[in-house]
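Structure first, then comments.
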Amino acid sequence: MASTEDLPAASGIEDVWTYPRPPALQRVPQRVRIMFGGQTIALTDAAWRVLETSHPPVYYLPPSAFPDGVLEPAQGTSFCEWKGLARYWSVRSGSQFAERAGWSYPEPDPAYAALRDHVAVYAGAMQACFVGDEQVTPQPGGFYGGWVTRNLKGPFKGGPGSMGW
1 MASTEDLPAA SGIEDVWTYP RPPALQRVPQ RVRIMFGGQT IALTDAAWRV LETSHPPVYY
61 LPPSAFPDGV LEPAQGTSFC EWKGLARYWS VRSGSQFAER AGWSYPEPDP AYAALRDHVA
121 VYAGAMQACF VGDEQVTPQP GGFYGGWVTR NLKGPFKGGP GSMGW
């Protein structure tokens, strides 16, 4: 079952190697904002983050954070051993389009029910993503969708040579 405890502490340095397996769910106390195509395409004070060993947190935003027309269904699915079957989303803002830039879990495992239909977005596919006032850096590599903030300590899975970790 996913843990929803305040793990790790909301302040100070977070070592991603102390994050649990299976991953924990944690409410995000800061506002989360995503920019794409010169516009704010998502804004919420009701995000969740998933904390998993060796990964920067993945941020999930409620569907209401995205204006109509920003998210478009995309081809394909993937499977997470913890959360279940994911579907993909493309993101559109003005003339900008990012194919399969986000994903969600329409029917997550019961331990992750809070994430139902919430959307995670690859920071590297967007113009900018923010947690509070801090612009995040995408998790290394192109496979995982974590957001790196300055309070995180790695190394982070995703970069060259880390797939076998």
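Each residue of the sequence shown is one higher than the last, beginning at 1 in full-length UniProt numbering.
Beta carbons are placed, not taken as given, at the ideal position from N, Cα and C, and that holds for glycine.
Check, Outcome
"Using DSSP with H/G/I as helix, E/B as strand and the rest coil, what is L152?", "strand"
"For T44, does the three-state DSSP call read helix, strand or coil?", "strand"
"On the DSSP bridge list, what partners appear for V28?", "Answer is none; V28 lacks a bridge partner."
"Answer yes or no: the CB of P108 versus the heavy atoms of the ligand NAD, is any distance below 6 Å?", "As far as ligands go, the structure on display features none, and thus does not contain the ligand NAD."
"Quick check on DSSP: helix, strand or coil for V70?", "coil"
"Ordered along the chain, which non-local residues of its own chain (more than five positions away) have a Cβ less than 8 Å from that of F79?", "L85, A86"
"My output table needs one value for G76: the three-state DSSP class, helix, strand or coil.", "strand"
"Among W48, M35, E14, V28, which has the Cα closest to the Cα of A114?", "W48"
"Given a threshold of 16 other Cβ atoms within 10 Å of its Cβ, counted over all protein chains shown, does G14 qualify as buried or as exposed?", "The identity of residue 14 in the sequence shown is Glu, whereas the question assumes Gly. Under this definition E14 is a buried residue."
"From W82 to G94, what distance separates their C-alpha atoms?", "35 Å"
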